Amino acid sequence: MSDSSSSLIQAVEDADSAALLVAVQNLAAARLEVSIPTLVATLGYNNSGAAIAAVEGLIQLGEPAVPALLEQLDRQNHAARAWAICALAEIGDPRGFMTLLGAATADFSLQVRRAAARGLGTMKWQWFPTDLVEIAQEEAMEALLFVAQQDEEWIVRYSAIAGLEALATTIARTHPAWAAHIQTQLEQLERNDSSWAVGARARMAQQQQQAAESSLQSSDPREDASSLGSETNWQITLEKLYDRKGQERLVLAEGDPRRYRSLAMAISQKLDTT
Amino acid sequence: MTESGLNATAALTVEQAIANLRGDDLGLRVYAAWWLGRFRVNEPEAVTLLIEALADEADRTEAGGYPLRRNAARALGKLGDCQAVAPLIESLSCSDFYVREAAAQSLEMLGDRGCIAQLLDLLQNRVSGTQPSPEQPEFIQPYDAILEALGTLGATEATELAKPFLEHPIERVRYAAARALYQLAETPEEAAKYGDILVQALSGDDLQLRRAALADLGAIGYIGAAEAIADTLAENSLKLIALKGVLEKQMHQSPDGNPTPDAMRVMDLMDALL
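Note that the protein sequences, when read in sequence, are chains H and S.
Here our numbering is used: the first residue of the first sequence is 1, the next is one more, and so on.
Here our numbering is used: the first residue of the second sequence is 1, the next is one more, and so on.
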């Protein structure tokens, strides 16, 4: 650790609540991987300004921050957990996927559901292994349709529609039937939602999807494959999900949030032990 | 809260709430009045009892306030029953500042222009026997609630009387005047002048006041504020609510139900805050 990075970290650890925000902002701006544990710890300090700065720093660091964020989810601090989920939603790493499914459909905080729903639509699909991307996208689509139709908060439904728009653009070429299904559902959402804002967002999503379909000659979505190898733990995890998915379907109805919650629990346990 | 009050919180039904409001336990009566508004129980019996509660003399604070009247006045705005208009107008001359404030807010919600003359009297402090706010003695009348009601009701006769309140020492009152004058303006240019006063307020030093300005801009749906709202130092959830107000105003003005270019711009700003 260099002197400057250790002094930045020390500044956060020593700061009183008034100085914390600036110390965290400085540390986040330095974009040092060595700062990740300190930034994650800040999420639990009950200081929302500092937590926002830490989340922004962790998002900038991206993939290397994911294991520490997943670890944070297991601690009994609700606020820190919520911030960690928001960071995972923005980073879009596949290892956060199960958490986002559970959070979008069943978290008690509407801010967390809002962030998770948006994140499900904007996952870094190119970081998923080829054989798992399809099942993950289908899960994301089903979860987002459920949230867009059922969530009681307008902003969560709005966010799910923004997520569906992003997902529909991603899958337009690989799964045109899914894209068509999303388009039909968006039409219904536009007609049925009690909120004008949600209706307007559904309308815009349909228009964007139509525009995207007419210009489908884009680049291969998987050309930007990440450094994550196919041997990583999360792939095993997702394979377990694949097995489990068939069983879950027998018991719980399509779109039932308990499905995702129990899956997410299974995944987090799996991550603990691997 | 008393033990009986806690039980009531745990499992109150419409019948119980109405029975409690009829009863002798003042704590239960105050809570029942709030509860009937919260759950929008607009049954004739509830409306009748709440109107009776506006004249209650049993529940008095040491400073002479009427807690039951305050809650009844607030609830009646939410129940949407026009029978409440005349009794609420009567409540505008109550000695308790907070009863007058609640009455003005509820009359705004009920949207009946029959109260405009009395609101104008109150705005000019021409109603005898009215006490100022016990916490802020310079708050002689609930000017913010009165101005907001006059703006929402489209009371153009209030325009000249509202203008001096742009210089009022209390920020909230200045914002309410700008908000009302925006709504009462005859031309878009004149409206923008008042909307921009609220935009200025978004860059103030006090978070509470920035939040208040966000709420005001959302309520009037001023499109010229969209970017400034997105850039305000405040919670994303509040900025999203304000932008929702701007978006819905745009959708109301759309001739064919399709999002206007301005509406799409607002949705792009909202997407970035999810």
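Note that the Cβ used here is the ideal one computed from N, Cα and C, for glycine as well.
Note that this is a predicted model, so its numbers are computed, not measured.
CB contact below 8 Å: residue i versus chain S
| i | result |
| --- | --- |
| residue 272/H | Reliability of the predicted coordinates at residue 272/H is poor, the pLDDT of 46 falling under 50, and no value is obtained from them. |
| residue 155/H | yes |
| residue 111/H | yes |
| residue 204/H | yes |
| residue 125/H | no |
| residue 115/H | yes |
| residue 212/H | no |
| residue 196/H | yes |
| residue 118/H | yes |
| residue 18/H | no |
| residue 200/H | yes |
Alpha-carbon spacing of residue i relative to residue j, whole angstroms
| i | j | result |
| --- | --- | --- |
| residue 273/S | residue 105/S | 30 Å |
| residue 50/S | residue 76/S | 7 Å |
| residue 260/S | residue 93/S | 45 Å |
| residue 24/H | residue 32/H | 12 Å |
| residue 68/S | residue 110/S | 20 Å |
| residue 215/H | residue 126/H | 20 Å |
| residue 292/H | residue 22/S | With chain H running from 1 to 274 in the structure shown, residue 292/H is simply not present. |
| residue 113/S | residue 82/S | 11 Å |
| residue 95/S | residue 85/S | 19 Å |
| residue 178/S | residue 40/S | 31 Å |
| residue 75/H | residue 39/H | 15 Å |
| residue 180/S | residue 199/S | 15 Å |
| residue 223/H | residue 130/H | Per-residue confidence for residue 223/H stands at a pLDDT of 45, beneath the threshold of 50, marking its modelled position as unreliable; no derived number is given. |
| residue 281/H | residue 36/H | Past the edges of chain H, shown from 1 to 274, lies residue 281/H, and the structure says nothing about it. |
| residue 265/S | residue 16/S | 49 Å |
| residue 14/S | residue 26/S | 18 Å |
| residue 117/H | residue 13/H | 33 Å |
| residue 197/S | residue 270/S | 22 Å |
| residue 62/H | residue 132/H | 21 Å |
| residue 54/S | residue 147/H | 42 Å |
| residue 8/H | residue 16/H | 14 Å |
| residue 243/S | residue 250/S | 11 Å |
| residue 114/H | residue 41/H | 23 Å |
| residue 34/H | residue 158/H | 37 Å |
| residue 183/S | residue 226/S | 17 Å |
Proximity test, Cβ basis, 8 Å: residue i and chain H
| i | result |
| --- | --- |
| residue 274/S | yes |
| residue 205/S | no |
| residue 271/S | yes |
beta-carbon residue i near the ligand COA non-hydrogen atom, thresh 7 Å
| i | result |
| --- | --- |
| residue 128/S | Of ligands this structure carries none, so the ligand COA is not represented either. |
For the segment 159 to 170 of chain H and the segment 112 to 131 of chain H, state whether three or more C-beta atom pairs, one from each stretch, are separated by less than 8 Å.
yes
Members of the segment 207 to 231 of chain S near chain H, C-beta cut-off 9 Å
none
Are at least three pairs of beta-carbons, each pair with one atom in the segment 135 to 144 of chain S and one in the segment 70 to 84 of chain S, less than 8 Å apart?
The answer is no - the segment 70 to 84 of chain S does not touch the segment 135 to 144 of chain S, with fewer than three Cβ pairs under 8 Å.
Check each residue of the segment 72 to 95 of chain H: if its Cβ is closer than 7 Å to any Cβ of chain S, include it; give the result in chain order.
none
Touching by the beta-carbon criterion (3+ pairs, under 8 Å), the segment 230 to 240 of chain S and the segment 196 to 215 of chain S
yes
What residues from the segment 236 to 248 of chain S come within 7 Å of chain H, judged by C-beta to C-beta, listed N to C?
237, 240, 244, 247 and 248
Chain-ordered residues of the segment 143 to 167 of chain H with a beta carbon less than 8 Å from chain S:
Hits within the stretch, in order: 154, 155, 158, 159 and 162.
Beta carbons nearer than 7 Å to chain H: which residues of the segment 246 to 266 of chain S have them?
247, 248, 251, 258, 259, 263 and 264
I want to know whether the segment 82 to 90 of chain H touches the segment 45 to 61 of chain H - three or more CB-CB distances under 8 Å.
yes
Are the segment 149 to 157 of chain H and the segment 189 to 206 of chain H touching, with three or more C-beta to C-beta distances below 8 Å?
yes
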